[in-house]
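Student: Numbering (our numbering), first residue to last: 4 to 174.
Even glycine gets a Cβ: it sits at the ideal position worked out from N, Cα and C.
Small disclaimer: the values here were computed from a predicted structure and weren't measured.
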Amino acid sequence: MKDRFKINNQIRASEVRVILEDGQNLGVISIADALAMAKEKGADLIEISDKAIPPIAKIMDYGKFQYLENKKAKATKAKTKPLETKAIQVKIGTGDHDLELKSQMASKFLKAGHRIKINLYLRGRAKYLDPAFLRGRMERILKFITEEYKVVESIKSSPNGLSLVIERAKK
4 MKDRFKINNQ IRASEVRVIL EDGQNLGVIS IADALAMAKE KGADLIEISD KAIPPIAKIM
64 DYGKFQYLEN KKAKATKAKT KPLETKAIQV KIGTGDHDLE LKSQMASKFL KAGHRIKINL
124 YLRGRAKYLD PAFLRGRMER ILKFITEEYK VVESIKSSPN GLSLVIERAK K
């Protein structure tokens, strides 16, 4: 290649910051020199960051580079645990004892790190009751939850009634 090299269909400057496989920084050198050094070592010149000025390139084996990138991606994927949304359904006439039992389950779910969707199921004419009354019924179960929580999605109307989403509060 001459003075320029092409990346993502864009013509770039003729110099790159070169880093060796062990992390040693060689500084800013021309692309031709960097390619010659890579060829001399029997390795590849891999562009690490094209957004930096000048772009950053690394001299190492491309297969090893791909292996390390895949290994990093798998490690980060393994650290993230899937967030599950558990559902609890109550009705307008649900008694306090039943609400306590459901809130105990909700507390267990929160402790485990899950989100909880609380559904207030409304049938027939109950859908047309006073919205303030319905909100009060929905908030009744929240009083019994012992674990610290925060409201992620406030009370919304859903096809079968009202719903609310909570999750564990970060300490």
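Could you tell me which residues DSSP pairs with MET141 in its beta bridges?
Tutor: Bridge partners of MET141: none, in fact.
Student: Identify every residue that forms a DSSP beta bridge with ALA60.
Tutor: ALA60 is bridged to VAL21, GLU50.
Student: Starting from ASN163, trace the beta strand (DSSP E) both ways and give me its first and last residue.
Tutor: That residue, ASN163, is in no beta strand (DSSP E); it is neither H nor E in DSSP.
Student: On the premise that ASN28 lies in contact with ILE34, defined as a C-beta separation below 8 Å, what is that separation, rounded to the nearest angstrom?
Tutor: About 17 Å; that fails the 8 Å criterion.
Student: Within a Cβ cutoff of 8 Å, which residues of the same chain sit near LYS120, ignoring the five residues on either side of it in sequence?
Tutor: The residues are THR88, LYS89, ALA90, ILE91, SER166, LEU167, VAL168.
Student: Closest to THR97 by C-alpha separation, out of TYR124, GLU72, ALA81, would be which residue?
Tutor: Closest option to THR97, Cα to Cα, is TYR124.
Student: Is THR79 helix, strand or coil when you go by DSSP?
Tutor: Correct three-state label for THR79: helix.
Student: Who are the near neighbours of LEU48 in its chain, counting only those whose CB is closer than 7 Å to its CB and skipping five residues on each side?
Tutor: If we look at LEU48 and ignore the five residues flanking it on each side, its Cβ neighbours are ALA37, LEU38, ALA41, ALA60, ILE62.
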